[in-house]
Amino acid sequence: MQKQSSARTARFARRVMGAVALAWSVGVSAQQAMPVTELSSGIHLIRAEVAATPADRQRGLMFREAMGPGAGMLFVFDAPSQQCMWMRNTLIPLAVAFIDDDGRIVNVEEMAPQTDATHCSAQPVRYALEMNAGWFTKRGIRPGAVIDGIARKR
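In structure tokens:
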């Protein structure tokens, strides 16, 4: 009798753990889905996930192991102010462009992975665009350049 009870308990525990794992993976998948927008700078196209909620901005690109060559993440803030980014739990090196309301890049910062060092905008901005490290430099995109399509994200 005790063997049957132990076997039933083990089956029940496996079912519960399976259900918990399924619910967690569905929750994580749903949580990571962010809207995507198309941006550009000159001839350079960008496919950016949009992080517009506090939770999405806080999570950002954490735990990602790779990002495509034209992929990025656009952080949209409620109002222009000095914005700072960090790389806690971010596994890939990134570059961030801080962008004003008109879509003009204010400054670009390179960021090393898995650090708590802050990288801040040189003046109040509403947007930050994270791309793979060196993306802006390799394309000659500097402060003053415009990211097209960004001003309509207000």
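Mapping of the sequence shown onto numbering that gives the first Met the number 0: position 69 corresponds to residue 68, and the numbering continues sequentially without gaps. Just so it is clear, CB atoms sit at the ideal spot from N, CA and C, and this is done for glycine as well. Note that the coordinates shown come from a computational prediction; the quantities given were computed from them, not determined experimentally.
In whole angstroms, what is the alpha-carbon distance linking A111 and L38? As a working mapping, residue 111 is identified with position 112 in the sequence shown. As a working mapping, residue 38 is identified with position 39 in the sequence shown. Between the alpha carbons of A111 and L38 lies a distance of about 24 Å.
For the beta strand (DSSP E) that D77 lies in, which residues bound it at each end? Position 78 of the sequence shown, counting from 1, holds the residue named residue 77. Annotation for D77: the continuous beta strand (DSSP E) segment containing it runs 70 to 80.
Would V124 pass as a contact of I98 if the rule is Cβ separation under 7 Å? The residue labelled residue 124 in the question sits at position 125 within the sequence shown. The residue labelled residue 98 in the question sits at position 99 within the sequence shown. Closer than 7 Å, so yes.
Between the alpha carbons of D100 and D55, how many angstroms are there, rounded? Taking the first residue of the sequence shown as 1, we reach residue 100 at position 101. Taking the first residue of the sequence shown as 1, we reach residue 55 at position 56. Rounded to whole angstroms, D100 to D55 spans 20 Å at the Cα level.
Using three-state DSSP, classify R138 as helix, strand or coil. Counting from 1 along the sequence shown, the entry for residue 138 is found at position 139. Coil at R138, not helix or strand.
Report the three-state DSSP secondary structure of R46 (helix, strand or coil). Residue mapping note: residue 46 aligns to position 47 of the sequence shown, counting from 1. Correct three-state label for R46: strand.
Separation of M61 from E129, as counted between CA atoms: On the sequence shown, residue 129 is found 130 positions in, with the first residue counted as 1. On the sequence shown, residue 61 is found 62 positions in, with the first residue counted as 1. E129 and M61 have their C-alpha atoms some 12 Å from each other.
From the DSSP output, which residues share a beta bridge with N88? By one-based count along the sequence shown, residue 88 stands at place 89. Answer is none; N88 lacks a bridge partner.
Check whether the region 64 to 76 and the region 104 to 118 are in contact - that is, three or more C-beta pairs closer than 8 Å. Contact fails between the region 64 to 76 and the region 104 to 118, because fewer than three Cβ pairs, one in each stretch, are under 8 Å apart.
First and last residue of the uninterrupted alpha helix (DSSP H) at R58: Residue numbering aside, residue 58 sits at position 59 when the sequence shown is read from its first letter. Looking at the DSSP string, the run of the alpha helix (DSSP H) that includes R58 is 53 to 58.
Does the distance from the CB of M86 to the CB of T117 come in under 7 Å? By one-based count along the sequence shown, residue 86 stands at place 87. By one-based count along the sequence shown, residue 117 stands at place 118. The answer is no: Cβ separation not under 7 Å.
So, with DSSP's three-state summary, where would you put R125? Position 126 of the sequence shown, counted from the first residue, corresponds to residue 125. For R125, the secondary structure class from DSSP, reduced to helix, strand or coil, is strand.
For G102, which residues of its own chain have a beta-carbon under 6 Å away from its beta-carbon, when the five flanking residues on both sides are left out? Residue 102 sits at position 103 when you count from the first residue of the sequence shown. For G102, the CB contacts under 6 Å within the same chain, skipping 5 residues up- and downstream, are V145, I146, I149, A150 in chain order.
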